[in-house]
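Data block below; observations after.
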Amino acid sequence: MAIIYQASNPGDADLRVALVERGMADLLVHRVAARGLAHGDALWYSTRHREDASVRVFFVSPGMAQLKIFFVPNQVEAGWQRPRPPEIHLR
Numbered sequence: 002m003a004i005i006y007q008a009s010n011p012g013d014a015d016l017r018v019a020l021v022e023r024g025m026a027d028l029l030v031h032r033v034a035a036r037g038l039a040h041g042d043a044l045w046y047s048t049r050h051r052e053d054a055s056v057r058v059f060f061v062s063p064g065m066a067q068l069k070i071f072f073v074p075n076q077v078e079a080g081w082q083r084p085r086p087p088e089i090h091l092r
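Every number in our numbering is 1 more than the matching position in the sequence shown, counting from 1.
Here's what the structure looks like:
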């Protein structure tokens, strides 16, 4: 389950993420409205509480990113577009 906290500095982050165009994305992400709806790597629930997060992300430029994402409007479209790198842990 991907419970995401947006870190305010890179030193507090587990993962550097870039927002890119759909065709460049490693992962298509759908934001869900409730924690219980977060599932797998592609359905993200955002929290304002660092201690509740399963992963802390910091948004960077594509050249600095470990993961490139694109937000999609529904969960049917969400998922990996490329094989998940073994070093990426969202749960």
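Every residue, glycine too, gets a C-beta built ideally from N, C-alpha and C.
Paired residues, beta bridge with L1 - DSSP: A query on residue 1 cannot be resolved here, the shown segment of the chain reaching from 2 to 92 and no further.
Could you check which residue in A14, H90 and H40 has the C-alpha nearest to that of F59? Position 58 of the sequence shown holds residue 59. The residue with the shortest Cα to Cα distance from F59 is A14.
What is the DSSP secondary structure of R23, reduced to helix, strand or coil? For the purposes of this step, residue 23 is identified with residue 22 of the sequence shown, where counting begins at 1. In the structure shown, R23 sits in a helix (DSSP, three-state: H, G or I).
Please report how far the alpha carbon of K69 lies from the alpha carbon of Q7, in whole angstroms. By one-based count along the sequence shown, residue 69 stands at place 68. By one-based count along the sequence shown, residue 7 stands at place 6. When rounded, the separation of the alpha-carbon atoms in K69 and Q7 is 15 Å.
To the nearest angstrom, how far is it from the Cα of S9 to the Cα of V77? Counted from its first residue, the sequence shown places residue 9 at position 8. Counted from its first residue, the sequence shown places residue 77 at position 76. Whole-angstrom Cα-Cα distance: 30 Å.
Check each candidate in L28, S47 and L29 and name the one with the smallest Cα separation from G37. Taking the sequence shown and counting its residues from 1, the one referred to as residue 37 is at position 36. Each of L28, S47 and L29 was checked against the Cα of G37, and the nearest Cα belongs to S47.
Pull the bridge partners of A3 from the DSSP assignment, please. In the sequence shown, counting from the first residue as 1, residue 3 sits at position 2. For A3, the beta-bridge partners assigned by DSSP are W45.
Residues bridged to L16 (per DSSP): Position 15 of the sequence shown holds residue 16. According to DSSP, L16 bridges with V58.
Given this structure, state the Cα-to-Cα distance separating D27 from H90, to the nearest angstrom. Counted from its first residue, the sequence shown places residue 27 at position 26. Counted from its first residue, the sequence shown places residue 90 at position 89. Their backbone Cα atoms lie some 14 Å apart in a straight line.
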